[in-house]
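Q: Shown below is the structure under consideration.
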Amino acid sequence: VLTQPAVWVNPADGSAWIFVVNSNGASGLRLNFDANGNPSLVPQWQNVQGGTSPVVANNMVFSLSGSTIRALDPLSGSVLWSLARSGGFHWESLIVANGAVYATDGSSHLTAYAVGQSQTTTTLVSSANPAPVGANVTFTATVTGNAPTGSVAFTDGGSTISGCGAMALAGSGNTKTASCSTSSLAAGTHSIVAAYSGDPANAGSASAPLSQVIGSKTTSTTTLASSLNPSTVGARVTFTASVTGNAPTGTVAFTDGTNTIYKCAAVALAKRAKTAGRTARCTTSSLTAGTHSIGATYSGDAANNGSSATLTQIVNP
1 VLTQPAVWVN PADGSAWIFV VNSNGASGLR LNFDANGNPS LVPQWQNVQG
51 GTSPVVANNM VFSLSGSTIR ALDPLSGSVL WSLARSGGFH WESLIVANGA
101 VYATDGSSHL TAYAVGQSQT TTTLVSSANP APVGANVTFT ATVTGNAPTG
151 SVAFTDGGST ISGCGAMALA GSGNTKTASC STSSLAAGTH SIVAAYSGDP
201 ANAGSASAPL SQVIGSKTTS TTTLASSLNP STVGARVTFT ASVTGNAPTG
251 TVAFTDGTNT IYKCAAVALA KRAKTAGRTA RCTTSSLTAG THSIGATYSG
301 DAANNGSSAT LTQIVNP
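As structure tokens, this is what we get:
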């Protein structure tokens, strides 16, 4: 005997599902369309637990069979919650509203029973651990439950990380993620926790504390060399600044005394073959006759402190 089916739209991907109960139990069928737009129902799961017509609420499929009410996962048919009553229930279909399931017992008394939420698990990983001061670190929380929705709060030692108090879950199905990126962690060891808020179908949960280590910036070293020293007025001279450190990035400013050399205010570091670290080059032919104090100042980055070097350039007439 086929009972009244129930229809559900998966909020994660918009797919349409139909749930039916017959003598073989409860079944979940997904509505598919072929290339011509013709619909078909494709069986996805079958659960031996049958009974009354199914009711969909809180992203769960409820059905009553004999003395037991069950809530099934709509995507897999697995039992998420159940309630047994020794006196049994009447055959009428269930009513689910406001977090409770209403059922009539054998004496025709309508009773509300609190619906248990699915248990969830939350795990947490870091994109860089350890990381230097100022580096951008992304924490990713993975929440597994019954198509969980809601948000995740990320804390550092119990205090909310700036901008990460309610990061929305993203993804589809029963496993979703939320991320928090920050570059404001001070040097030291930080206890990072991700706490999932829960929703009507899922209980909240928190990750185990993640120990995030933030180290001090690396001390960089800058050296400076000239391609032609001494040189003559009008000759092209190339100054090469070599910067070593923790994979340094950023720029180098070249100066002649207190003046910035033309087009050399912010020369990007580059990795060059057969050189240690990274280098930046400045070429000029505008130096006047005399002695020049040439400087190269590295800006520093999230992992490296800045540094500088000077040399004396002689320019003959």
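Under our numbering, think of the first position of the sequence shown as 1, with each following residue one higher.
We treat Cβ as the ideally placed atom computed from N, Cα and C, and that holds for glycine.
(1) Taking the alpha-carbon positions, what's the residue 1 to residue 21 distance?
(2) Near residue 306, which residues of its chain fall below 6 angstroms by C-beta distance, leaving aside the five closest residues on each side in sequence?
(3) Are residue 105 and residue 148 touching if we call contact CB-CB under 8 angstroms?
(4) Quick one: residues in its chain with C-beta nearer than 6 angstroms to the C-beta of residue 245, no 5 flanking neighbours on either side, listed in chain order?
(5) Under 7 angstroms Cβ to Cβ from residue 345, same chain only, skipping five residues before and after it: list those, please.
(6) Identify the continuous beta strand (DSSP E) that holds residue 180 and give its terminal residues.
(7) Return the bridge partner residues of residue 205 from the DSSP annotation.
(8) Can you give me the C-alpha to C-alpha distance between residue 125 and residue 139, rounded to a whole angstrom?
(9) Helix or strand or just coil, what does DSSP make of residue 294?
(10) When you compare each of 266, 150, 226 and 243 to residue 312 by their alpha carbons, which one comes out closest?
(11) For the beta strand (DSSP E) that contains residue 316, what are its first and last residues?
(12) Since residue 264 sits in a beta bridge, which residues does DSSP pair it with?
(13) Name the DSSP beta bridge partners of residue 282, please?
(14) Mind checking residue 176: buried by the 16 CB within 10 Å criterion, or exposed?
(15) Can you tell me which residues form a DSSP beta bridge with residue 70?
(16) State buried or exposed for residue 36, treating a residue as buried only when at least 16 other CB atoms are found within 10 Å of its CB.
(17) In this structure, what does DSSP give as the bridge partners for residue 97?
(18) Beta strand (DSSP E) containing residue 156: first to last residue?
(19) Please say whether residue 183 and residue 134 have beta carbons closer to each other than 8 angstroms?
(20) Is residue 141 helix, strand or coil when you go by DSSP?
(21) In whole angstroms, what is the alpha-carbon distance linking residue 101 and residue 137?
(22) Determine the extent of the beta strand (DSSP E) in which residue 212 is found, giving its start and end residues.
(23) For residue 151 versus residue 168, is the C-beta distance shorter than 8 angstroms?
A: Answer, in terms of the structure:
(1) Walking along the sequence shown from the start, residue 1 turns up at place 1. Walking along the sequence shown from the start, residue 21 turns up at place 21. Confidence in residue 1 is poor, its pLDDT being 46 and thus under 50, which makes the residue's placement unreliable; the coordinate value appears in the next sentence. Each residue's alpha carbon lies about 8 angstroms from the other.
(2) Counting from 1 along the sequence shown, the entry for residue 306 is found at position 306. Contacts found: 298, 299 and 300.
(3) On the sequence shown, position 105 is the one that residue 105 refers to. On the sequence shown, position 148 is the one that residue 148 refers to. Taking 8 angstroms as the Cβ cut-off, residue 105 and residue 148 do not qualify as a contacting pair.
(4) Reading the sequence shown from its first residue, position 245 is the one you call residue 245. Once the five neighbours on either side are set aside, the close Cβ partners of residue 245 are 218, 220 and 304.
(5) Absent from the structure is residue 345, since the part of the chain shown begins at 1 and ends at 317.
(6) Taking the sequence shown and counting its residues from 1, one reaches residue 180 at position 180. Its beta strand (DSSP E) spans residues 175-182.
(7) What you label residue 205 is simply residue 205 of the sequence shown in a count that begins at 1. Bridge partners of residue 205: 196.
(8) The residue given as residue 125 occupies position 125 in the sequence shown. The residue given as residue 139 occupies position 139 in the sequence shown. Roughly 6 angstroms between the two C-alpha positions.
(9) Here the question's residue 294 lines up with position 294 in the sequence shown. Note: residue 294 maps to strand in three-state DSSP.
(10) As a first step, residue 312 must be located in the sequence shown, where it is residue number 312. Of the listed residues, the one whose Cα sits closest to residue 312 is 226.
(11) The count along the sequence shown starts at 1 and reaches residue 316 at position 316. It spans 307-316 - the beta strand (DSSP E) in which residue 316 sits, taken as one unbroken run.
(12) In the sequence shown, the residue the question calls residue 264 occupies position 264. According to DSSP, residue 264 bridges with nothing at all.
(13) Position 282 of the sequence shown, counted from the start, is the residue given in the question as residue 282. The partner list for residue 282 (beta bridge, DSSP) reads 239.
(14) Counting from 1 along the sequence shown, the entry for residue 176 is found at position 176. Buried.
(15) The residue given as residue 70 occupies position 70 in the sequence shown. Answer is 63 and 82.
(16) Taking the sequence shown and counting its residues from 1, the one referred to as residue 36 is at position 36. So residue 36 counts as exposed.
(17) Working through the sequence shown from its first residue, we reach residue 97 at position 97. 100.
(18) Against the sequence shown, residue 156 aligns to sequence position 156. Counting along the chain, the beta strand (DSSP E) containing residue 156 begins and ends at 151-156.
(19) In the sequence shown, the residue the question calls residue 134 occupies position 134. In the sequence shown, the residue the question calls residue 183 occupies position 183. For residue 134 and residue 183, yes; Cβs fall inside 8 angstroms.
(20) On the sequence shown, residue 141 is found 141 positions in, with the first residue counted as 1. If DSSP states are grouped into helix, strand and coil, residue 141 belongs with the strands.
(21) In the sequence shown, residue 101 corresponds to position 101, counting from 1. In the sequence shown, residue 137 corresponds to position 137, counting from 1. The straight-line gap from Cα to Cα measures roughly 44 angstroms.
(22) Taking the sequence shown and counting its residues from 1, the one referred to as residue 212 is at position 212. Element bounds for residue 212: 210-215.
(23) Numbered from 1 along the sequence shown, position 151 holds the residue referred to as residue 151. Numbered from 1 along the sequence shown, position 168 holds the residue referred to as residue 168. Cβ atoms of residue 151 and residue 168: closer than 8 angstroms.
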